[in-house]
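These notes are about the structure you will find just below.
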Amino acid sequence: SQTIHQWPATLVQPVGSPLSLECTVEGTSNPNLYWYRQAAGRGLQLLFYSVGIGQISSEVPQNLSASRPQDRQFILSSKKLLLSDSGFYLCAWSDQDRGAFFGQGTRLTVV
Amino acid sequence: DAKTTQPTSMDCAEGRAANLPCNHSTISGNEYVYWYRQIHSQGPQYIIHGLKNNETNEMASLIITEDRKSSTLILPHATLRDTAVYYCIVRVVGTGGFKTIFGAGTRLFVKA
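What follows is the structure, given as structure tokens:
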């Protein structure tokens, strides 16, 4: 069966520090991968999606970037965090039949 | 991209059926309706999806109107653990792949 791992679960980072969140998927090959962000009490905002290694599409202009160095690895990064980057970050993968499956999320607080 | 409209919140008594409506009047012929739910501080969980026929699984039933402009998610016997935000979405085909767009959803409160 397929599983998705996302870490860390919580993170507190100072303004101006770098960020690296990692997501890996097991049990499937060539998945579509996604990064979402959810502000408190709000819906999910799609940040990036990837259909293959090295292929990244950005949905909104922002202070973040994404990379896919391996088929089942998706990384969300920032060189310098802003206060507005705080939120709940979710990684997901999808297949064509059953939609998206999500990790447990990372709660990022920028202080 | 088809958009969905859901009520902001709903209440349901424990043990009763919870019926969550969703409008998607601009849905196109090849777009599916998906339902997810998100329990506080967790990632969204897939519930069910359908194209035009009604669907049922161990979690819920999905009723899609004949014109496909609206649908209803039914939790037949709601429990306190069903309290969550429920998202109704339609699949969006992006360049080279699929993108799942989430709105604000319906916050369902199941009360004892």
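In order, the protein sequences belong to chains A and B. Quick note: the first sequence, position 78, residue 78 per the working numbering, numbers continuous. Count along the second sequence starting at 1, add 1000, and that's the number in the working numbering. Every residue gets a Cβ at the ideal spot worked out from N, C-alpha and C, and that includes glycine. Just so we're clear, the structure is a prediction, and the values are computed from it rather than from any experiment.
Three-way DSSP call (helix, strand, coil) for residue i in this model
i	result
D1067/B	coil
L1080/B	helix
D85/A	helix
F1102/B	coil
V60/A	coil
S67/A	strand
V110/A	strand
N1030/B	coil
I75/A	strand
A1018/B	strand
E1058/B	coil
K80/A	coil
A39/A	coil
T1072/B	strand
K1052/B	coil
S94/A	strand
C-alpha distance - residue i paired with residue j, whole-angstrom precision
i	j	result
L76/A	R1016/B	42 Å
Q13/A	S1025/B	43 Å
I1089/B	S17/A	35 Å
Q55/A	S1070/B	35 Å
S50/A	D1067/B	33 Å
R68/A	D1011/B	42 Å
L81/A	V110/A	7 Å
G103/A	T3/A	8 Å
T1004/B	N1023/B	5 Å
L83/A	L19/A	13 Å
A1078/B	R1107/B	14 Å
C23/A	T1072/B	33 Å
Y1036/B	F1102/B	9 Å
A1112/B	L1080/B	7 Å
L1051/B	K79/A	42 Å
E1014/B	G99/A	29 Å
Same chain, Cβ closer than 6 Å to residue i, five either side skipped, listed in chain order
i	result
N1054/B	I1063
S58/A	F48
K34/A	The identity of residue 34/A in the sequence shown is Tyr, whereas the question assumes Lys. Taken in chain order, the residues that qualify are Y49 and A92.
S1061/B	I1074
DSSP beta-bridge partners of residue i
i	result
P31/A	BP columns for P31/A are empty, so no partner.
N1023/B	T1005/B and S1070/B
Q13/A	V110/A
V1085/B	Q1038/B and R1107/B
Exposure label - residue i; buried when at least 16 CB within 10 Å
i	result
V1110/B	buried
A39/A	exposed
D1082/B	buried
N63/A	exposed
N32/A	buried
G41/A	exposed
Q70/A	exposed
V15/A	exposed
S1041/B	exposed
G1105/B	buried
V1033/B	buried
G27/A	exposed
I1039/B	exposed
V25/A	buried
Close beta carbons around residue i, own chain, < 7 Å, minus the five adjacent residues each side
i	result
T1095/B	Note that T1095/B has pLDDT 44, beneath the 50 cutoff, so the model's placement of it is unreliable and the number below is only indicative. Once the five neighbours on either side are set aside, T1095/B has no close Cβ partner at all.
G105/A	Q6, F88, Y89 and L90
Y1046/B	Y1036
Chain-order list of residues whose beta-carbon lies under 8 Å from that of residue i (same chain, five-residue window excluded)
i	result
F101/A	Q2, I4, A92, W93 and S94
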